[in-house]
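There are 2 protein chains.
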Amino acid sequence: MLITKFAIPDIIFGNGSVRHLAQCARRVGAKRVLLVSDKGLNDTIWVNKVREILDEDGLKSVYFNNVDSNPRDYQIHEGAEIYRREGCDVLVCLGGGSPMDATKGIGILAGNGGRIRDYEGANRIMRPLPPMILIPSTAGSGSDISQFCIITDVEREVKMSIISRSLVANISIIDPLLLSTKSKSLIIASAIDALAHAVESHVSKLASPFTRMHSQKAIELFVQYIKPAALERDPHALEQLSIASTSAGMAFSNAGLGILHALAHSLGGIYDVLHGLVHPVLLPSVMRYNLSACPEIMGDIGRMIVGPRLCSSKETGLAGIATLENLFNELGVTTRLRELIPDDSRLETICKMAVKDACYVSNPREADWTDLMDICREAW
Amino acid sequence: MLITKFAIPDIIFGNGSVRHLAQCARRVGAKRVLLVSDKGLNDTIWVNKVREILDEDGLKSVYFNNVDSNPRDYQIHEGAEIYRREGCDVLVCLGGGSPMDATKGIGILAGNGGRIRDYEGANRIMRPLPPMILIPSTAGSGSDISQFCIITDVEREVKMSIISRSLVANISIIDPLLLSTKSKSLIIASAIDALAHAVESHVSKLASPFTRMHSQKAIELFVQYIKPAALERDPHALEQLSIASTSAGMAFSNAGLGILHALAHSLGGIYDVLHGLVHPVLLPSVMRYNLSACPEIMGDIGRMIVGPRLCSSKETGLAGIATLENLFNELGVTTRLRELIPDDSRLETICKMAVKDACYVSNPREADWTDLMDICREAW
C-alpha cells in the first residue's frame, strides 16, 4: 500500500445542528462574517434563519448571493472584493456545491490574492485561507467535506478543478432538515452526484482502506435510501442520504475521482449543464469502460448494489451497472447524452479538454480522448 | 439520531511515511521542536532517525524522554517547563500512548498554564495548544487520533481522563514500519487496547453511523490479523493492525468509551498496571454485563467476530465473547484479574473511583459501583 493522506473538516451532523453555527463561528475567531449563498435560497427560510443565529450572538454578517450554478470566475472576484471591502474575517456558506465552491474560491483570493485561474490544478495554493464554515443545503456535492473547488473560467469555457488541502473547511455543519424544502429532482441529482463520487473514488488509483470504507458505506446507503428519500421525502431516508453524501465526500476528497468527473467538468464548462444531471448519463458507460482494469473491485461494487451473487466478479459488476441503469430510469432522470446537450458537434473538444482535467489522473484505466469519445457515443 | 460531532487529525499513513515529518512540521510553523519520547525508545533506531529528519531540514529540536508508562503529573510539569525554557513552538511525539498523552499534557500547560489536574474531565481547556504532530510507535492506544489524554495524579492515585477537541493533534503520521521492532507482547497488548476501543465505542450511547463504520472495521481487522501480526510479524498484517488502531481511534474519540476503560483507568491509577493488560481480563465480563442493554448491537459485534449465525442476536453476541476469550488464551495473555493485581483489598476503592471517570457516562447500561464489583469478581 502506498503512503496515503486522509484529511476532513470537523463535522457537526444531525437534525437541528445549524443552531450551533454561532458557537462554531466564535471558535474560529469570527467577528464579521461573509455569508455566501445563492439566489435560489433567497426564497427559503434558511438564509434568514442563519442570519438570525449569527445576529443573536452579536456576530455581524455581510450577505453575498451573486453565485450561479457552475459559479463563474468573475463572481469569485466580486465576492473576494466584498470580503476585503467589508473587512470580513470568516467565511460561512449556506448552499449547494456551487455556492460552497464559490466560498472556497473567495477564500483562496482573500488569503492569496491574484485571480482564481492562477490556482487551477493540484496544490497551487501557498498561503492559508480565512476560516471557513460550510452548511450544505443539498446532499451530494461533497464540497462541504472535500479539498476540491470547481470554478468556471468563462473566457476559456473551462470548469477548472482546484485541489488543495487548504480547501478543506474548518467546520462542516450538516443538517439534514435543510433537505426538506428541496425539490424531488434536486434531491435525486445531488444524490446521484454523491453516488458518482463514491463509485469513482472506490476504483481510483489513489483509494486506500480509509477511503474505501467510506465509499462502500455511501454506495450501500444510496441504493437503500434514494427512493424513499426522493419519492416519499421520508425524514429518516433523507438523513441517511446526508450520511451517504458525507461519506462519499470523505472518500473522493482523499482518493480522487476519474474520467467521469473529468468529462462532467468539461461538459459543464462548454454547455453549462447542471453537474448532477451528467452522472446518470455517463456513469454506466464509464463503469463498463473501467471494468476490465479492476474486475475484483467492480465486483465488490456490484455486490454493494445487488447483494452477493454466485457468479464471477465481472458478471456481478455488470449486474450492478444494469441495476443502476434501471434505478436511474425509475427515478425519471435523463439517461441519454443526446437529451442533455444540443448536438454532438463539440464532443471532440469536450473529450480533448477532459484529458487535461485534474480528476483524470486517478482513473483506474488509461484513457485517451478517443476512448472518451467512445464512452460519449455509447451514452449518446 | 442525535446531533453528533466527528473530528480527527490530518492523517498520513503508510510504510515510510515518517520521512514526511519535517515537511509537516514546517506546515504547522515549526522553528524549534520539543520532541517527546520515552526511555524504552532510546534503544531503537527511530529516535535518531526522527532527529535526523528534523536536522536535515534545518529544524532545531529539544529532546524530552522522562515519561513513564502511565505518565505522571510531575513529568508533564517538567516537560512543560522545558518547552517554555527552550522557546519551543511545536510538539512532536514519537512513542506509544504514554508519551503521546504526555505530549498532549505538555501542550495543555504550554497553551493554558496552571497544573495538569486543573483540566481533568471533559471540555475544560479554554485556550488553544501549540501545534502537535504525533507519530505512534505502537498500534493500539489511539492517542494519535483521539481527543483523549490520560495522566496519573500521583498524590490522589488517579488516572485522570482529560477530553477536549483541542487534544486532537494537527497531524498524525502513522508508519507501520515502526511496529517491526516491537516485542510480541507489546504488539498484542496494544492491539487488544484497540479492540477494546472499538467494542466500547460501538455500543456507546454516543455512537453514530460515522463512528460505527470505523469501530466495525477495527473489530474485523483485529480478528483477522492479530495472529499473523503478533506471531509471525507479517508486514501486511502489521499494516492492517495499524489501520485497525487508527479506525478504532476515530470511533472512540468521537463516540466515547464505557465502564471497561473507567475501570482500567482506576486500576492503572492504584496499581500502575500496563493499560493494555487490563482489557483481556475485563472485556469479556463487561461485554456480558452490557449485553442485555443492547442485544442487537452486541449481535452485530458477534457477527464481526464469528461470522453470520442462524441464531438470535443475544446468542451470536455470546458466541463472539466466547471466541474472544479463546483468542486471548491462544495469545497467551493474562485473563484473570487475580494474576494482574496483588490482592482484592482495594477493589471497592477501585470501583468507587471508576464511576467518577469521564469514560463511564457513555456506557450503554447503567452501572453503580456494586455492579462494577460484580464484573471484577466475575473476572477474578
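Line by line, the protein sequences are chains U and H.
When we follow numbering that gives the first Met the number 0, the leftmost residue of the first sequence carries the number 0, and every step to the right adds one.
When we follow numbering that gives the first Met the number 0, the leftmost residue of the second sequence carries the number 0, and every step to the right adds one.
No residue lacks a Cβ here, since even glycine has one placed at the ideal position from N, Cα and C.
Endpoints, beta strand (DSSP E) assigned at V305 of chain U:
V305 of chain U -> not in any beta strand (DSSP E); alpha helix (DSSP H) instead, spanning P294 to V305.
Near Y118 of chain U, what residues of its chain come up, given a Cβ to Cβ distance below 6 angstroms and the 5 sequence neighbours on each side ignored?
Sequence-distant partners of Y118 of chain U (beyond 5 residues in either direction) whose C-beta falls short of 6 angstroms from its own C-beta, in its chain, are I107, I124 and I161.
Is I172 of chain U near I144 of chain U, with beta carbons less than 8 angstroms apart?
Their beta carbons are not under 8 angstroms apart, which means I172 of chain U does not touch I144 of chain U by this criterion.
Would you mind reading off the limits of the beta strand (DSSP E) that contains P135 of chain H?
Looking at the DSSP string, the run of the beta strand (DSSP E) that includes P135 of chain H is M131 to P135.
Give the residues from the stretch 1 to 24 of chain U that approach chain H closer than 8 angstroms (Cβ to any Cβ), ordered along the chain.
Cβ contacts with chain H come from L1, I2, T3, K4, F5, A6, I7, D9, I10, I11, F12, G13, N14, G15, S16 and H19.
Give the interface partners of K216 of chain U over in chain H, defined as CB-CB distance under 8 angstroms, in chain order.
Chain H residues near K216 of chain U: P208 and M212.
What does I380 of chain H touch in chain U if you count any residue whose Cβ is under 8 angstroms from its own?
What is shown of chain H runs 0 to 379, which leaves residue 380 of chain H out entirely.
Counting only beta-carbon separations shorter than 8 angstroms, does E238 of chain U have a partner in chain H?
Yes, E238 of chain U lies at the interface with chain H (some Cβ there is under 8 angstroms from its Cβ).
Rounded to the nearest angstrom, what separates D56 of chain U and V35 of chain U at their Cα positions?
The alpha-carbon atoms of D56 of chain U and V35 of chain U are separated by roughly 19 angstroms.
Just the C-alpha distance for N169 of chain H and D9 of chain H, rounded to the nearest angstrom, thanks.
Approximately 6 angstroms between the Cα atoms of the pair.
Buried/exposed call for R130 of chain U, threshold 16 Cβ in 10 Å:
Here the sequence assigns Pro to residue 130 of chain U, which means Arg is not the residue at that position. Answer is buried; the Cβ neighbour count reaches 16.
Using beta-carbon positions only, say whether I49 of chain H and L20 of chain H come within less than 8 angstroms of one another.
Residue identity differs from the one stated: residue 49 of chain H is Val in this sequence, not Ile. Yes. Within cutoff.
Mind checking which residues open and close the alpha helix (DSSP H) that includes K313 of chain U?
Here the alpha helix (DSSP H) through K313 of chain U covers S312 to L330.
So the alpha helix (DSSP H) I81 of chain U belongs to, where does it begin and stop?
Note, I81 of chain U: alpha helix (DSSP H), D72 to R84.
In the DSSP assignment, the beta strand (DSSP E) including M159 of chain U goes from what residue to what residue?
Boundaries of the beta strand (DSSP E) around M159 of chain U: V157 to I162.
Between the CA atoms of R83 of chain U and K38 of chain U - distance to the nearest angstrom
Just so you know, the alpha carbons of K38 of chain U and R83 of chain U end up roughly 22 angstroms apart.
For K30 of chain H, name the three-state secondary structure that DSSP assigns.
Reduced to three states, the DSSP call for K30 of chain H is coil.
Taking DSSP as the reference, what is the three-state secondary structure of L309 of chain U?
Three-state result, L309 of chain U: coil.
Other residues of its chain near A121 of chain U: CB distance less than 6 angstroms, five sequence neighbours each side excluded
So the qualifying residues of the chain are I162 and A357.
Residues in its own chain within less than 8 angstroms of M0 of chain U by CB, not counting five upstream and five downstream?
Excluding residues within five positions, the ones whose Cβ falls inside 8 angstroms are S207 and P208.
Which residues does DSSP list as the beta-bridge partners of L90 of chain U?
Answer is U:L33 and U:M131, bridged to L90 of chain U.
Give a yes or no on contact between the stretch 313 to 325 of chain H and the stretch 350 to 367 of chain H, applying the rule of three or more CB pairs nearer than 8 angstroms.
Cβ pair count under 8 angstroms is below three, so no.
Keeping to the same chain, check which residues put their C-beta closer than 7 angstroms to that of D152 of chain H; ignore five residues upstream and five downstream.
Here the set comprises D72, R116 and M159.
When burial is assigned at 16 or more other CB atoms within 10 Å of the CB, is D342 of chain H buried or exposed?
Counting C-beta atoms within 10 angstroms of its own C-beta, D342 of chain H has fewer than 16 neighbours from the protein chains shown and is therefore classed as exposed.
On the DSSP letters alone, give me the boundaries of the alpha helix (DSSP H) that V354 of chain U sits inside.
Annotation for V354 of chain U: no alpha helix (DSSP H) segment contains it, and DSSP assigns it neither H nor E.
Limits of the unbroken alpha helix (DSSP H) element including Y270 of chain H
DSSP places Y270 of chain H in the uninterrupted alpha helix (DSSP H) bounded by I258 to Y270.
Find out if the Cβ-Cβ distance for the pair S284 of chain U, E377 of chain U is shorter than 8 angstroms.
It is a contact, given that the beta carbons lie within the stated cut-off.
Check whether the Cβ atoms of L309 of chain H and A229 of chain H sit closer than 8 angstroms, and answer yes or no.
In this structure, A229 of chain H does not lie closer than 8 angstroms to L309 of chain H by Cβ.
Residue environment, D192 of chain U, which counts as buried when at least 16 other CB atoms sit within 10 Å:
D192 of chain U is buried by the Cβ-count criterion.
Please state whether DSSP places T210 of chain H in a helix, a strand or coil.
In the three-state DSSP reduction, T210 of chain H falls in the helix class (H, G or I).
Over what stretch of residues does the beta strand (DSSP E) that includes T333 of chain U continue unbroken?
From DSSP, T333 of chain U is part of no beta strand (DSSP E); its letter is neither H nor E.
Within 10 Å of its beta-carbon, does R164 of chain U have 16 or more other beta-carbons around it, so buried, or fewer, so exposed?
It counts as exposed.
Give the C-beta separation of I218 of chain U and I304 of chain U to the nearest angstrom, bearing in mind that I take them to be a contact with Cβ-Cβ under 8 angstroms.
Sure, about 7 angstroms apart at Cβ, within 8 angstroms.
If we ignore side chains and look at the alpha-carbon of each, how far apart do L273 of chain H and L259 of chain H end up?
Between L273 of chain H and L259 of chain H, the alpha-carbon positions lie close to 14 angstroms from each other.
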